[in-house]
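In full-length UniProt numbering, the protein residues as written are 1 to 715. First the structure, in the form of C-alpha cells, and then the observations on it.
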C-alpha cells in the first residue's frame, strides 16, 4: 500500500495542488495537524476549513504539519478543531509564541551579507587573476576601477555589523573588539582606492572583500554556537503565552496575557500551554511539566488541582481560575531568577573583562608601533599598512571575551534541562570547589508518609486546615493522608521556625508540630487547647534517587554528612540505609549553623542541602546551598540552586558539571593565551596577510566556542 493511501481521512479526496488563499484575513489562528502526511490531506483540511463562515483562507504547511487560518470575523479555535475532527483530521491548538524560536533574523541577515561578500570576492578575484597574469597600463587601471566598483559597496554593506558595533562604542569613548576590525577594513579598502585613483600598480580590493567574507563566516558560526547554547532564561521566556482565551459571563474571548487579572477564568485547550498559576475549576487532563521540571511522566490535573504557568495541557480542556498573573507567575519568577543569575559576574568573568579592557588599547598601540617600525625599516608605506592591518585583526581578543560566558551559559542550560535552576551566577564556580555535603533528612533525603487512624474526625479536620497550605514535607504528608476530609475553619495561623504551626479554632489555641515543642516526646503531635497532645503517626520513606545520589557523590570524592532534627534512632536508620557514616540527630536550627561553621573552620567547602524553614540559616552559612522546589519560600530564597524535580537523580551530575565548567574556562583561557603567543609575533614580523589574520582570528573564537559546547556532552 502506498503512503498516500495510509491516511483514512484522505480516502475519496482527489489530489490537488495547494490552493492560494485569496485573503489572509484580519486575524490568524494556527493549528497543529499531527496526523497529516500527504497532498490529499492538504486539500481535505483546506476544504473543511474554508466551508466555515468567518474563514477567509486556510493554508497547510505539510512539512511542519500546521495550518494557518485567516479569519474575517471572530471564530473560536475549538470550532475550527471540531470541524476538522468531523472531516477526519486530528487537530490541536498551537502556541504561536513558541514559533518565534524557529526564526533567526540575525542569522539570516548574516547569511545575506556572507552571500554578498562572497559573490563580490569571487568576481574581484577573477579580475585580480588578469592583473597578476601581466595586465598593465590602461587594462590594469580598468580592472582596478571595476574591482573598486564591486568591492566598495560590498564592503560597505557586508561590513555593517562590524561598523555599527564599532561606532556604538566610539560614540561613548570606548573601545570594543569591532573597532580594530572596522579600522582594518577601512584601511585596506581606502589604501586600495588610493592606489587605483593615482594609478598605482597594486590594489588589494580582493583582500578587503575576502577579509569581510571570512570575518562574517566567523561571526555567523559564533552566532550559531551561541544560539545552540541558548540560555535557560530564553527557553523559559519562550514558554510564556501572549494570547489567552478568557471566559467572562459564559462567553469566550481572546485577550492579551497582559490584560488578565487575578480571579479571571482561562480556558486552555489540549495542546495549549498554561498561561497562569491557578486552580482547575472544570475539566480533567494530563499535564506535561517536562520543560519546567525535567520530568518526563505526565501529571493528572482535575477540578481542585493546582497548575503552573508554562505547563502543557495534553489531553482535555481545562478551565483555570488565575491565582497569579503577569510578573507574579512562577514561570516569570523563574525567568527573572535565571536571567539575574546569568548576569552575575564570577571571578573568571571579571578576569576576562579586565584582560579584554586592557587588550583593546594595546592592540591599537601595537599596530601603530608595527606600522612605524616597518615604515622606518622598509620605507614602504603600503607594506607597512598591510602588516599593521594584519596585527589589528589577528590580535582582536574575541576568543578571550567568549571564554567565560560561553561555558557558563551552556552549563546553566544543561542543568536547567535536567531540572536544576541555577539562581546565582557564582554558584557553579563555588560548587566546583565543594568537598563536603551536609544533608538535612526530612523532606530532602526522605519524604514522610502520614497515617490518619490515630486522629478523631474533628482532629482530622483541624489538622487538614493547618497543613493544606503549608510547604513543609511533614505538613504536605499529613494533608495528603487527609485527602477527602472537609477542613475546619481556623484563624490566626502562624508558622514557627523549627517547631511547627499554630492557629485558633473555636476560641482555642491549637498547635501542630514537634513533640519537643509541645512537651510530648519524640515525633509529630497535634494539641487542641490544653488537651493532651495526640501523636500523628509518620513513616519515613527514602526520596526517589536518594541512594544513587549519595553513592555517586561519595564516588565523586565528596564527604557526606547527615544532620537532622529527628530522633537518634530514626536518623541512624536513614544514615545506615544510605551508607552515611557521619551523622548527627536531634539538631536544632542554630546547631546546624554551628555544625557547618565547624566544618568550614577545618577548611571544608560545604554544600548544604535542606528544605525547611529551620534550614535557612544553615543554607546561608554554607559555601554553597541547594533546596528542592518543595522547600519553604525562605529556604529557596537562601539557596544558590533549586531542584525542580521530585527525584534526586538530576543532582548526581551537579558537581561533575560544575568541575567540568571550571576546567573548560581554564582551557579557554589557555587557548586564548596560546593563540596570542603564537599569532602576534607572526603578524608583527610581516608573515601574515590581513586575510590570513582574519582566518586565524575567527578560528580561535570558534575553537573556544567548540570547547565550550563540549559541556553539552559527557563531563
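Heads up, the beta-carbon is just placed ideally off N, CA and C, and yes, glycines get one too. In this text, all values refer to a predicted model and were calculated from it rather than measured experimentally.
Let me check one thing: in DSSP terms, what residues is residue i bridge-paired to?
i	result
residue 152	Residue 152 pairs with nothing; no bridge assigned.
residue 364	Partner(s): none; residue 364 has no beta bridge.
residue 505	508
residue 626	609 and 641
residue 122	BP columns for residue 122 are empty, so no partner.
residue 254	245
residue 583	562
residue 144	Residue 144 pairs with nothing; no bridge assigned.
residue 273	312
residue 262	None; residue 262 has no bridge partner.
residue 206	None; residue 206 has no bridge partner.
residue 307	278
residue 500	496 and 513
With residue i as the anchor, note down where its alpha helix (DSSP H) starts and where it stops.
i	result
residue 655	654–684
residue 712	Premise fails: residue 712 is in no alpha helix (DSSP H) and is neither H nor E.
residue 186	178–197
residue 574	568–578
residue 590	589–601
residue 318	Counting along the chain, residue 318 falls outside any alpha helix (DSSP H), though it belongs to the beta strand (DSSP E) covering 318–324.
residue 160	160–171
residue 460	457–467
In chain order, what residues of the same chain have a beta carbon less than 6 Å from the beta carbon of residue i, not counting five sequence neighbours either side?
i	result
residue 45	60, 67 and 89
residue 552	652
residue 537	451 and 454
residue 582	561
residue 128	206
residue 662	432
residue 374	384 and 387
residue 628	611 and 643
residue 287	299, 301 and 311
Can you find the residues in the same chain that come closer than 7 Å, C-beta to C-beta, to residue i, ignoring five residues on each side of it along the sequence?
i	result
residue 73	54
residue 212	117, 155, 158, 159 and 185
residue 479	464, 467 and 468
residue 483	none
residue 124	147, 150, 151, 205, 206 and 209
residue 187	385 and 389
residue 659	432
residue 306	279
residue 183	392
residue 624	427, 430, 431, 434, 607 and 640
residue 275	241, 244, 257, 266 and 309
So is the beta-carbon of residue i under 6 Å away from any non-hydrogen atom of the ligand PLP?
i	result
residue 328	As far as ligands go, the structure on display features none, and thus does not contain the ligand PLP.
If I measure Cβ to Cβ from residue i and keep anything under 8 Å in the same chain, skipping five residues before and after, which residues do I get?
i	result
residue 501	466, 467, 470, 475, 493, 494, 495, 511, 512 and 513
residue 548	648, 649 and 652
residue 303	280, 281, 282, 283 and 284
residue 181	162, 166, 215, 392, 393 and 396
residue 745	This structure leaves residue 745 out entirely; the chain is present only between 1 and 715.
residue 52	75, 79, 80 and 83
Answer yes or no: does any C-beta atom of chain C fall closer than 7 Å to that of residue i?
i	result
residue 422	Checking the listed chains, one finds no chain C in this structure; it contains a single protein chain.
Can you tell me where the beta strand (DSSP E) with residue i in it begins and where it stops?
i	result
residue 382	Note, residue 382: premise wrong, no beta strand (DSSP E); alpha helix (DSSP H) at 381–394.
residue 282	277–282
residue 490	Neither: residue 490 is in no beta strand (DSSP E) and is coded neither H nor E.
residue 301	299–301
residue 288	285–288
residue 268	265–268
Counting Cβ pairs closer than 8 Å, one from the stretch 547–558 and one from the stretch 512–519, do we hit at least three? no
Entirely within the stretch 514–565 and at least 3 residues each: give me those beta strand (DSSP E) ranges in chain order. 524–528, 534–536, 538–542 and 559–563
Pairs of beta-carbons, one from the stretch 566–573 and one from the stretch 593–601, closer than 8 Å: are there three or more? no
Touch check for the stretch 149–165 and the stretch 241–250: three-plus C-beta pairs under 8 Å? no
Counting only runs of 4+ residues fully inside the UniProt domain "HMA" (27–92), write out the alpha helix (DSSP H) ranges in chain order. 39–50 and 77–86
At 3 residues or longer, and completely inside the stretch 399–455: list those beta strand (DSSP E) runs for me, N to C. 420–422, 436–439 and 446–450
Between the stretch 638–646 and the stretch 416–428, do at least 3 Cβ pairs fall closer than 8 Å? yes
When you compare the stretch 699–707 with the stretch 433–451, are there three or more beta-carbon pairs, one atom per stretch, that lie closer than 8 Å? no
Are three or more beta carbon pairs between the stretch 259–274 and the stretch 319–327 nearer than 8 Å? yes
Can at least three beta-carbon pairs, one atom from the stretch 360–374 and one from the stretch 383–393, be found at a separation below 8 Å? yes
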